[in-house]
Amino acid sequence: MTEVSHGAQPSELGNANAAAVTGTGTSEQWLARYSNSLMGVFGNPQRVLVRGAGALVWDADGKEYLDLLGGIAVNALGHAHPFVTSVIASQLSTLGHVSNFFTSPTQIALAEKLLELSQAPAGSKVFFANSGTEANEAAFKLARVHGGKERPTILALEGAFHGRTMGALAMTAKQAYREPFEPMPAGVRHIPFNDIDALRVAMNSSVAALVIEPIQGEAGVRPLSAEYLQAARELTREHGALLILDEVQTGIGRTGNWFAGIAAGIIPDAMTLAKGLGGGFPIGAIITFGEGPSTKLSAGQHGTTFGGNPVATAAALATLHVLESQDVLVNVRAVSDIFAQGLGKLDGVTEVRAFGLLIGVELAEPVAAGVVAAALEAGFIINAPRPTTIRLAPPLNLTAEQAQSFIAVFPELLATAFAAHSSEGNS
């Protein structure tokens, strides 16, 4: 076997694999290889992206895009942030992985930092996973252990999205995601969104936990009211149930606060995180608040091979350091205002729901998919979670000038989409 030196270059991988690392080749070539080798669970890729810097990315044909989706709220500091990449490289060159029979300094330091940022009381703990769905799977098991046989019910909300593994999927409301894999794990009930009376009726001694997103991203950036969040806290406490906040999409500064629920004055029993936590590197977490929830899961009842590994936790520490030391959350709030004011006054836009840099733009007609397609052609990456809704979740360090460049072209994107919609209606 040929030994690979520590100073090996991408060219030593062989022609095909070296091209993969360097991004050499056309989009047409790569997409042909994609269709022959990958499962179609994501549909056809819109583009083959090969390089990024800040909020910009480039495809295999050299076209530049302003990334206003950020990997769906993942790339908190954009692409290839120099400090984050340097910390990842340094950690990887020192210690890349250890089993969970051991720990590492970065794992401990990140847990301490998350407990500090979340203002968690004494006795609180952290469990690290690899993604948001894994964090919510841990939350599902936490609820099960808390409820036991006497409390078999977990409440979630209509419109909820908590992930695609089986426990997380059971808490996800969209039937199209659930139906192919039924029967779901038993005991989950979905109740009306933002309806305090419905919550009050549903809450009783059989409920183990209420699992909610402070803002539903997949449902079109829909916020729970402060009154609902307060009622959720009071009713779960009254009935002995856990309140679990899913902040996978809203956490880590996305809304201009570290955590949306805590900013609203709600201290949950548990909170799940992922997406922006690693700044693009895969990591998830669940924080349990206080000794009660933190002692529910004992040794051997849950685990993960890669969760909390040294490189992922180093990436998260680096991301949090930049967000904190460079006042990025101040930028989030300022650029959010620019989007809200600029997009809100445009014809064809009926509402802008802006919570930091998680933004839903409601359109007068169901043309969101057409706007996304027109935007891609114009060099902007956005998303349509619903037929009438555009979602923006850009890097948190997006500049005012970059935001304005999108606002300036948005009327043209709308006009293109409206014209295509009208043509389809007349055909």
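Quick note: the sequence shown, position 319, residue 1191 per this note's numbering, numbers continuous. No residue lacks a Cβ here, since even glycine has one placed at the ideal position from N, Cα and C. Given the structure is predicted, the values throughout are model-derived calculations rather than measurements.
For residue 1193, the closest C-alpha among the options 948, 929, 938 is that of 948. If only uninterrupted beta strand (DSSP E) runs of at least 3 residues are considered, those enclosed by the region 935-984 are 936-939. In the structure shown, residue 1083 adopts extended strand secondary structure according to DSSP, grouped into three states.
Per DSSP, residue 1269 lies in no alpha helix (DSSP H) and is assigned neither H nor E. Under DSSP, residue 1001 shares a beta bridge with 1156. Shown here for residue 1293: same chain residues with a beta carbon closer than 8 Å to its own, the five before and five after excluded, namely 1237, 1238, 1239, 1242 in chain order. Within the same chain, 976, 1181, 1182 come within 8 Å of residue 970 by CB-CB distance, once the 5 residues on both sides are set aside.
By the neighbour-count criterion, in which a residue is buried when 16 or more other Cβ atoms sit within 10 angstroms of its Cβ, residue 941 is buried. The three-state reading of DSSP puts residue 1165 in helix, counting H, G and I together.
DSSP places residue 896 in the coil class of the three-state scheme, outside both helix and strand. Note that the region 1110-1120 touches the region 1082-1092; at least 3 beta-carbon pairs, one per stretch, sit closer than 8 Å. One thing to note: residue 1088 has its Cβ within 8 Å of the Cβ of residue 1031. Counted as a single uninterrupted DSSP element, the stretch harbouring residue 1059 is not any beta strand (DSSP E), since DSSP gives it neither H nor E. Residues of the same chain with a CB within less than 7 Å of the CB of residue 908, apart from the 5 flanking positions on each side, do not exist. In the assembly as shown, residue 1109 is an exposed residue. Its beta-carbon has fewer than 16 other beta-carbons within 10 Å. By the criterion of a C-beta distance shorter than 7 Å, residue 1139 is surrounded in its chain by 1161, once the five residues flanking it on both sides are discounted.
In this structure, the alpha-carbon of residue 928 lies about 13 Å from that of residue 1273. The three-state reading of DSSP puts residue 1024 in coil, since its state is none of H, G, I, E or B. Of the other Cβ atoms in all chains shown, 16 or more fall within 10 Å of the Cβ of residue 1255; this residue is therefore buried. Residue 1061 sits close to residue 1074, with the two beta carbons spaced by under 8 Å. Taken in chain order, the complete alpha helix (DSSP H) segments of 4 residues or longer contained in the region 1227-1291 are 1240-1250. Remark: C-beta atoms of residue 1231 and residue 1221 do not approach each other more closely than 8 Å.
The shortest CA-to-CA distance from residue 1141 to any of 905, 960, 931, 994 is the one to 994.
Taking residue 943 as the centre and dropping the five residues before and after it, the same chain places the C-beta of 1152 closer than 7 Å to its C-beta, in chain order. A distance below 8 Å between beta-carbons, with the five flanking residues on each side excluded, links residue 1244 to the following residues of its chain, in chain order: 1254, 1255, 1256, 1262. In this structure residue 1268 does not touch residue 1202 by the C-beta definition: roughly 10 Å separates them, more than the 8 Å allowed. For the pair residue 959 and residue 1190, the CB atoms are nearer than the 8 Å cut-off. The beta carbon of residue 1249 lies closer than 8 Å to none in the same chain, with the five residues before and after it left out. When the Cα atoms are used, residue 1051 and residue 911 turn out to be separated by approximately 20 Å. A contact between stretches requires three or more CB pairs, one per stretch, nearer than 8 Å, and the region 1165-1172 meets this requirement with the region 1001-1014.
With contacts defined by Cβ atoms closer than 8 Å, residue 1251 and residue 903 do not form a contacting pair.
Scanning 1132, 1227, 1178 for the CA closest to the CA of residue 1209 turns up 1227. Residue 931 counts as buried, since at least 16 other C-beta atoms from the protein chains shown sit within 10 angstroms of its C-beta.
Beta-bridge annotation (DSSP): residue 1029 is paired with 1063. Per DSSP, reduced to three states, the secondary structure at residue 1172 is coil, with no helix or strand assignment. Spanning the alpha carbons of residue 1132 and residue 1036 requires a straight line of approximately 23 Å.
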